[in-house]
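Student: Quick one: the structure is below, and I'll ask about it shortly.
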Amino acid sequence: MKTLTIILLAFVAIEHFYFLILEMFFWTKPKGIKAFNIKSEAFAKETKVLAANQGLYNGFIAAGIIFSIIKNDISTALFFIICIIIAGIYGAYSTKQIKLFYFQSVPAIITLIIILFGF
Numbered sequence: 167m168k169t170l171t172i173i174l175l176a177f178v179a180i181e182h183f184y185f186l187i188l189e190m191f192f193w194t195k196p197k198g199i200k201a202f203n204i205k206s207e208a209f210a211k212e213t214k215v216l217a218a219n220q221g222l223y224n225g226f227i228a229a230g231i232i233f234s235i236i237k238n239d240i241s242t243a244l245f246f247i248i249c250i251i252i253a254g255i256y257g258a259y260s261t262k263q264i265k266l267f268y269f270q271s272v273p274a275i276i277t278l279i280i281i282l283f284g285f
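For the numbering used here, add 166 to where a residue sits in the sequence shown, where the first one is 1.
Here is the structure:
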């Protein structure tokens, strides 16, 4: 893998590790409530377990990308990047929050383009 590809993959992995932290540990805190535009603290508490599950999945995404970097496996990187793009599109559509697309899919789309064009 080329340096730019590794940097972008690492950025996406760090971003998803950050999502893990927000969803697993800060969901009911002001930072998490603000980040995810949660309607109330009570709702955050009711959905805490679901959010932690989401966070765990984001951790697996981050781990998969890191694994692809360590193993220098572009196929694995592509799989996880495409999964992220699809998840971001669906998340933005299903929640009607376009910012999910910008935060999740756009960095992955840029990374995908860089990978496909071999920069």
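Even for Gly, the Cβ is constructed at its ideal location relative to N, Cα and C.
Restricting to Cα atoms, I'd like to know which of Tyr-223, Leu-244, Glu-189 is closest to Leu-110.
Tutor: In this structure the chain extends from 167 to 285, so residue 110 is not present and cannot be described.
Student: Use the C-beta contact count for Glu-189: other C-beta atoms within 10 angstroms, 16 or more gives buried, fewer gives exposed.
Tutor: What you label residue 189 is simply residue 23 of the sequence shown in a count that begins at 1. Glu-189 should be labelled buried.
Student: Note down the Cα distance separating Thr-261 from Gly-254, rounded to an integer number of angstroms.
Tutor: One-based indexing of the sequence shown puts residue 261 at position 95. One-based indexing of the sequence shown puts residue 254 at position 88. If I take the Cα positions, the gap works out to 10 Å.
Student: How many angstroms separate the CA atom of Ile-180 from the CA atom of Tyr-259?
Tutor: Against the sequence shown, residue 180 aligns to sequence position 14. Against the sequence shown, residue 259 aligns to sequence position 93. Ile-180 and Tyr-259: Cα-Cα distance of roughly 24 Å.
Student: Measure the CB-CB distance between Phe-171 and Ile-280 and report whether it falls below 8 Å.
Tutor: The count along the sequence shown starts at 1 and reaches residue 171 at position 5. The count along the sequence shown starts at 1 and reaches residue 280 at position 114. With the sequence shown as reference, residue 171 is identified as Thr, and Phe is not the correct amino acid for it. In contact: Thr-171 and Ile-280 (Cβ atoms closer than 8 Å).
Student: Give me, in chain order, the residues of the same chain whose beta-carbon lies closer than 6 Å to that of Ile-264; leave out the 5 immediate sequence neighbours on both sides.
Tutor: Position 98 of the sequence shown holds residue 264. So the qualifying residues of the chain are Ala-258.
Student: Hey, could you find the ends of the alpha helix (DSSP H) Lys-313 is sitting in?
Tutor: Residue 313 cannot be examined here, being either before or after the span of the chain that is shown, 167 to 285.
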